[in-house]
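Q:
Numbering (the working numbering), first residue to last: 13 to 171.
(1) For residue 120, which of 99, 65, 102 has the nearest alpha-carbon?
(2) The beta strand (DSSP E) that contains residue 117, what's its start and end?
(3) What first and last residue would you give for the beta strand (DSSP E) that runs through residue 138?
(4) Answer yes or no: the CB of residue 137 versus the heavy atoms of the ligand SAM, is any distance below 7 angstroms?
(5) Look at the Cβ atom of residue 68, then the Cβ atom of residue 125, and state whether they are nearer than 8 angstroms.
(6) Count the other C-beta atoms from every protein chain shown that fall within 10 angstroms of the C-beta of residue 40, then say buried if there are 16 or more, exposed otherwise.
(7) Determine, using beta carbons only, whether residue 122 and residue 18 come nearer to each other than 8 angstroms.
Here you go:
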């Protein structure tokens, strides 16, 4: 399976970069993973709701330009579906069995995703009601993708 992770912004923190590299290595036997970064927009200190919506829209347009037309789109949203790791693995396995070979995860910027992106999503998932830095969310997502493949293959994983 081809898995794309499209995310807003660059990873500056070395510890996150190292973690991502580790999970890319671990995921090598299971799937082809591509991390695609789109530039984030500057957010004024006292941005109005309209300015924030404009920023989300511009970031969303950049994201949509990177999405492959045949891909199954999963957005990470605070109000998305709460899944266990097992349920997440089951959904991914169902996609594989149904012939889906391209999966795209989308992680928005610090003020979230545009409505266009949310409407394009085939599945909206949440990693809980906490707010995480979007850079750290990439690492958490990669760990869950790795865990997902371990579960699908009935290989040991940390519970």
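C-beta atoms are modelled at their ideal positions from N, C-alpha and C, and glycine is treated no differently.
A: So, from the data block:
(1) The alpha carbon of residue 120 has as its nearest neighbour, out of 99, 65, 102, the alpha carbon of 65.
(2) That run of the beta strand (DSSP E) goes 114–119.
(3) Under the DSSP assignment, residue 138 falls in the beta strand (DSSP E) whose first and last residues are 135–138.
(4) Absent from the structure shown: the ligand SAM. Ligands present: none.
(5) The Cβ atoms of residue 68 and residue 125 lie closer than 8 angstroms to each other.
(6) It is exposed - the Cβ of residue 40 has fewer than 16 other Cβ atoms within 10 Å.
(7) 8 angstroms or more divides the Cβ of residue 122 from the Cβ of residue 18.
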